[in-house]
Amino acid sequence: MLIIASILDIARLAGVSKTTVSKVLNHQYGVHEETRKKVWQAAAELHYTPNIAARALVTSKTGVIGVVYDSFKSPIYNELAGQLESQAQKLGIHLVFCSCNQQQASKLHYIQYFMGGAADGVILFGSAEDDDPVIERLMAVKFPFVVIEHRYDQLQVPNVLVDNVGGAKQAVQYLYKLGHRHIAHVTGNLRHQVAVDRYNGFKEAMQTLGLEPASDDFIHTDGSIGCGQLAAQALLERKERPTALFVFNDLIAYEMIDELHRAGLRIPEDMSVIGFDHLVGLLSFKPGIHNLTSISQPLEKMAHAAMDMIMSVVSGQMPEPISQQFKPVLQEGGTCQKRELHS
Numbered sequence: 001m002l003i004i005a006s007i008l009d010i011a012r013l014a015g016v017s018k019t020t021v022s023k024v025l026n027h028q029y030g031v032h033e034e035t036r037k038k039v040w041q042a043a044a045e046l047h048y049t050p051n052i053a054a055r056a057l058v059t060s061k062t063g064v065i066g067v068v069y070d071s072f073k074s075p076i077y078n079e080l081a082g083q084l085e086s087q088a089q090k091l092g093i094h095l096v097f098c099s100c101n102q103q104q105a106s107k108l109h110y111i112q113y114f115m116g117g118a119a120d121g122v123i124l125f126g127s128a129e130d131d132d133p134v135i136e137r138l139m140a141v142k143f144p145f146v147v148i149e150h151r152y153d154q155l156q157v158p159n160v161l162v163d164n165v166g167g168a169k170q171a172v173q174y175l176y177k178l179g180h181r182h183i184a185h186v187t188g189n190l191r192h193q194v195a196v197d198r199y200n201g202f203k204e205a206m207q208t209l210g211l212e213p214a215s216d217d218f219i220h221t222d223g224s225i226g227c228g229q230l231a232a233q234a235l236l237e238r239k240e241r242p243t244a245l246f247v248f249n250d251l252i253a254y255e256m257i258d259e260l261h262r263a264g265l266r267i268p269e270d271m272s273v274i275g276f277d278h279l280v281g282l283l284s285f286k287p288g289i290h291n292l293t294s295i296s297q298p299l300e301k302m303a304h305a306a307m308d309m310i311m312s313v314v315s316g317q318m319p320e321p322i323s324q325q326f327k328p329v330l331q332e333g334g335t336c337q338k339r340e341l342h343s
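Position one of the sequence shown corresponds to residue 1 (UniProt numbering), numbered consecutively onward.
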């Protein structure tokens with residue numbers, strides 16, 4: 001027979017008062033960190049499930065955070081969602097994930113739903129340039145929110161970022177040290193800040209190194225599944241091909257490698273390739289493909305920062321600092337090779 005645990009049961013097991021347990025479960029301040037851990041451990045052992053409706057009546061808080069992102073099909077978004085879920089579980093918070101499939105009307109619908117009492121706050125990631133009205137609306141009604149991977153320089157918006165400009169520069173500098181001088185960039189969807197930053201980082205690094213990419217050294221994509229195949233086909237039509245590619249993300253890079261292999265090109269012997277994200281799970285994408293050299297994002301740290309931020313905003317405190325930017329790291333794989341320079 002299943003016995004439903006109560007706050008009193010948790011208090012007895014943790015050796016604390018009911019008041020302390022209530023504070024911890026409702027994410028209130030004034031409880032030592034070690035005590036919080038004891039309470040959450042006791043709650044986990046007892047398989048305690050909070051009554052969200054009752055909690056909302058008493059505290060005006062649901063214990064729910066909405067998460068809205070562009071597409072469930074994006075590997076990096078799914079990895080980040082998993083890290084957010086892990087951090088939320090540690091805090092006893094429930095996350096509700098929604099994908100708007102890059103439809104602005106759908107995104108507005110979900111935001112309105114959460115603002116209507118379904119959640120205490122919302123985390124947005126994968127935002128595009130036309131999300132400004134959404135952000136302005138959230139700010140106007142003072143609904144708690146945090147943005148991941150989109151920069152708002154003119155607004156005081158709590159956000160978590162990766163240094164995408166710096167990551168792109170690392171990729172170019174690495175290829176340059178290997179002897180590559182003809183380097184092309186395969187972009188993402190330039191409606192998104194992430195893609196713009198990596199595009200700008202590539203251009204800045206090339207300029208610093210005294211390299212001038214031609215217009216056709218920028219192969220533009222919309223970042224969708226399958227666009228890597230199209231990008232590779234466009235590359236194969238060129239008479240003069242680059243010796244190295246910096247690709248917007250790992251999925252596009254693997255799609256390109258697959259298509260280039262079919263055309264008879266060897267990676268990295270004929271062309272070196274660097275991706276961005278370092279999603280190890282994508283290695284099953286195509287058996288036999290080398291481990292991709294890629295720029296790694298610290299997703300666990302980003303998720304931890306985002307959850308800390310949203311909980312601060314929900315409690316009425318603006319996070320300090322209001323923006324956190326994390327440095328990516330290049331992870332060497334088997335898709336880049338040194339190229340001999342000819343005088």
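C-beta atoms are modelled at their ideal positions from N, C-alpha and C, and glycine is treated no differently.
One alpha carbon belongs to E255, the other to A244, and they sit about 16 Å apart. Pairing P144 with V313 gives a Cβ-Cβ distance under 8 Å. Assignment of C227 by DSSP, reduced to helix, strand and coil, places it in the helix class. Residue state for A43 is assigned as helix, using DSSP reduced to three classes. Counting along the chain, the unbroken beta strand (DSSP E) around T293 starts and ends at 293-296. For H94, the enclosing beta strand (DSSP E) begins and ends at 94-99.
Its chain contains T187 as the residues whose beta carbon lies nearer than 6 Å to that of Y199, once the 5 sequence neighbours on both sides are disregarded; these appear in chain order. Partner residues in the beta bridge of D277, as assigned by DSSP, are S296. Residue state for A214 is assigned as coil, using DSSP reduced to three classes. For G188, the three-state secondary structure derived from DSSP is coil. Here G121 is bridged, per DSSP, to I65.
By the CB criterion at 8 Å, M307 and A88 fall inside the cutoff. In the three-state reduction of the DSSP assignment, N249 falls in the coil class, being assigned neither a helical nor a strand state.
DSSP lists I183, S272 as the beta-bridge partner residues of A244.
If you ignore the 5 residues before and after Q229, its C-beta comes within less than 6 Å of the C-beta of E255, E259, all in its own chain and listed in chain order.
Relative to Q337, the option among Q207, H180, H261, L190 whose CA is nearest is H180. The DSSP-derived three-state label of I219 is strand. Contact between the region 202-222 and the region 258-278 is absent: fewer than 3 CB-CB pairs across the two stretches fall below 8 Å. Counting along the chain, Q156 sits inside no beta strand (DSSP E), nor does DSSP assign it H or E at all. In the three-state reduction of the DSSP assignment, S71 falls in the coil class, being assigned neither a helical nor a strand state. Rounded to the nearest whole angstrom, the CA to CA distance from L330 to S17 is 49 Å. For Q103, the three-state secondary structure derived from DSSP is coil. With respect to the C-alpha of V247, the residue from L265, D270, G223, H261 having the closest C-alpha is G223. With respect to the C-alpha of L251, the residue from A234, T293, E212, S215 having the closest C-alpha is T293. When DSSP states are grouped into helix, strand and coil, L235 belongs to the helix group.
DSSP places F326 in the uninterrupted beta strand (DSSP E) bounded by 323-326. In the displayed model, I267 falls within coil according to three-state DSSP, outside both helix and strand. Per DSSP, the continuous beta strand (DSSP E) segment holding V329 begins and ends at 329-331. Under the DSSP assignment, F202 falls outside any beta strand (DSSP E), being part of the alpha helix (DSSP H) whose first and last residues are 193-208.
Counting along the chain, the unbroken beta strand (DSSP E) around V146 starts and ends at 145-148. For V162, the pairing in a beta bridge is given by DSSP as F326.
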